Amino acid sequence: MAELLTWLFGQYADYSTTFIVLELIAVVFGVASVLLASRTNILVFPIGLISTAIFVYLLWKWQLFGDMFINAYYTVMSLYGWINWSKNKKNQPIETHESNNVRIEHLHAGDVPILSALAIATMSFVALIYYFRPVINNGFSFDGAVLGVHLFTWVDYTDMLTTALFLMAMWLMARRKIEHWILWIIADAISVPLYFYKGFTFTALQYVVFTLIAIWAYYEWQRRYRVQPRAAYA
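Under the working numbering, residues 3 to 236 are what the sequence shown spells out, in order.
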């Protein structure tokens with residue numbers, strides 16, 4: 003048991019108490035935001051903003067720039083989603099209002115080109131960050147820095163994939179599309195071993211919870227879609 007605990011949490015011996023507390027706070031607010039999203043509760047966005055803002059800071063300090071970019075994007079998209087969900091809720095007739103609910107939609111063919119462009123742009127951007135990682139880690143100096151795709155690891159390629167999946171999921175979530183949960187399930191499941199490998203046990207455990215919630219939420223959103231009025235609102 004002692005060996006298992008050391009393997010899971012040993013890396014935290016080198017972390018400051020502030021970093022550990024901040025990671026735990028970000029994890030708690032992150033889980034809370036996913037639970038709120040599963041209930042189509044608009045508070046998902048302000049609660050999620052707290053989590054993503056903390057992770058942007060921590061990931062910058064840990065030099066995990068791909069992950070940092072994900073959370074910076076989450077922050078921007080949370081603001082967009084907050085506005086979009088609020089407008090949609092106001093556009094519903096009084097009799098269809100539930101206390102915190104907004105209208106759910108399915109993915110449309112017109113969403114696919116945007117998703118494809120977002121995926122390509124995201125993977126290219128993250129690849130560019132990792133290509134210049136030696137320069138970034140060298141204090142943004144090219145002196146002695148060695149660049150090349152041959153320096154990429156399987157973690158980098160996996161990070162590119164999960165970043166694209168997360169960003170597409172966040173965009174679909176802001177647009178109230180049921181299918182965003184499928185992308186969350188895939189990306190969350192991949193992130194569990196990835197974050198364990200990176201040494202962030204609390205964050206990895208968060209993604210275990212995220213995966214389970216996302217599976218349940220996908221079916222919950224399907225149920226909500228079936229029972230909501232069929233009238234369409236933008």
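Positions of the beta carbon are idealized from the N, C-alpha and C atoms, including for glycine. Computed from a predicted structure; not experimentally measured.
Original post:
residue 201 to residue 210, Cα distance in whole Å?
Top reply: Translated into positions along the sequence shown, residue 201 becomes position 199. Translated into positions along the sequence shown, residue 210 becomes position 208. So the alpha carbons of these two residues sit roughly 15 Å apart.
Original post:
What residue range is occupied by the uninterrupted alpha helix (DSSP H) comprising residue 25?
Top reply: Indexing the sequence shown from 1 puts residue 25 at position 23. Residue 25 -> alpha helix (DSSP H) spans 19 to 40.
Subject >> Meets three-Cβ-pair contact criterion under 8 Å: the stretch 182 to 197 and the stretch 130 to 150 >> reply: no
**OP:** Give a yes or no on contact between the stretch 169 to 177 and the stretch 67 to 83, applying the rule of three or more CB pairs nearer than 8 Å.
**Re:** yes
**OP:** In angstroms with no decimal places, state the Cα-to-Cα distance between residue 184 and residue 216.
**Re:** Mapped onto the sequence shown, residue 184 falls at position 182. Mapped onto the sequence shown, residue 216 falls at position 214. In a straight line, the C-alpha of residue 184 is about 8 Å away from that of residue 216.
**OP:** Kindly indicate which three-state DSSP category residue 181 falls into: helix, strand or coil?
**Re:** Counting from 1 along the sequence shown, the entry for residue 181 is found at position 179. Residue state, collapsed to three classes: coil.
Original post:
Going by beta carbon distance, what residues of the same chain come within less than 6 Å of residue 194, once the five residues before and after it are set aside?
Top reply: For this step, residue 194 is matched to residue 192 along the sequence shown. Same-chain partners within the cutoff: 206, 209, 210.
Original post:
Should residue 179 go down as buried or exposed, given a rule of 16 or more other Cβ atoms within 10 Å for buried?
Top reply: Position 177 of the sequence shown holds residue 179. Flag for residue 179 reads buried.
**OP:** Could you tell me the boundaries of the alpha helix (DSSP H) in which residue 161 lies?
**Re:** Walking along the sequence shown from the start, residue 161 turns up at place 159. It spans 156 to 176 - the alpha helix (DSSP H) in which residue 161 sits, taken as one unbroken run.
Original post:
If you draw a straight line from the alpha carbon of residue 45 to that of residue 35, how long is it in whole angstroms?
Top reply: Counted from its first residue, the sequence shown places residue 45 at position 43. Counted from its first residue, the sequence shown places residue 35 at position 33. Distance between the alpha carbons of residue 45 and residue 35: 7 Å.
Original post:
Where does residue 123 land, buried or exposed, given buried means 16+ other C-beta within 10 angstroms?
Top reply: For the purposes of this step, residue 123 is identified with residue 121 of the sequence shown, where counting begins at 1. It counts as exposed.
**OP:** Go to residue 129, then tell me how far its alpha helix (DSSP H) extends in each direction, as first and last residue.
**Re:** As a working mapping, residue 129 is identified with position 127 in the sequence shown. Start and end: 113 to 133.
Original post:
Are the stretch 51 to 64 and the stretch 142 to 153 touching, with three or more C-beta to C-beta distances below 8 Å?
Top reply: no
Original post:
Does the stretch 68 to 75 come close enough to the stretch 157 to 165 to have 3 or more Cβ pairs within less than 8 Å?
Top reply: yes
Original post:
Around the Cβ of residue 47, are there at least 16 other Cβ atoms within 10 angstroms (buried) or fewer (exposed)?
Top reply: Residue mapping note: residue 47 aligns to position 45 of the sequence shown, counting from 1. Classification for residue 47: buried.
Original post:
Beta carbon of residue 54, beta carbon of residue 226: below 8 Å?
Top reply: Counted from its first residue, the sequence shown places residue 54 at position 52. Counted from its first residue, the sequence shown places residue 226 at position 224. No.
Subject >> Beta-carbon gap between residue 160 and residue 196 smaller than 8 Å >> reply: The residue you call residue 160 lines up with position 158 of the sequence shown. The residue you call residue 196 lines up with position 194 of the sequence shown. Result yes, Cβ atoms of residue 160 and residue 196 sit closer than 8 Å.
Original post:
What span of residues does the alpha helix (DSSP H) with residue 46 cover, start to end?
Top reply: Position 44 of the sequence shown, counting from 1, holds the residue named residue 46. Where residue 46 is concerned, the enclosing alpha helix (DSSP H) stretches over 46 to 63.
Original post:
First and last residue of the alpha helix (DSSP H) that includes residue 225?
Top reply: Sequence index remark: in the sequence shown, residue 225 carries index 223 (1-based). 203 to 229 is the span of the alpha helix (DSSP H), which, as asked, contains residue 225.
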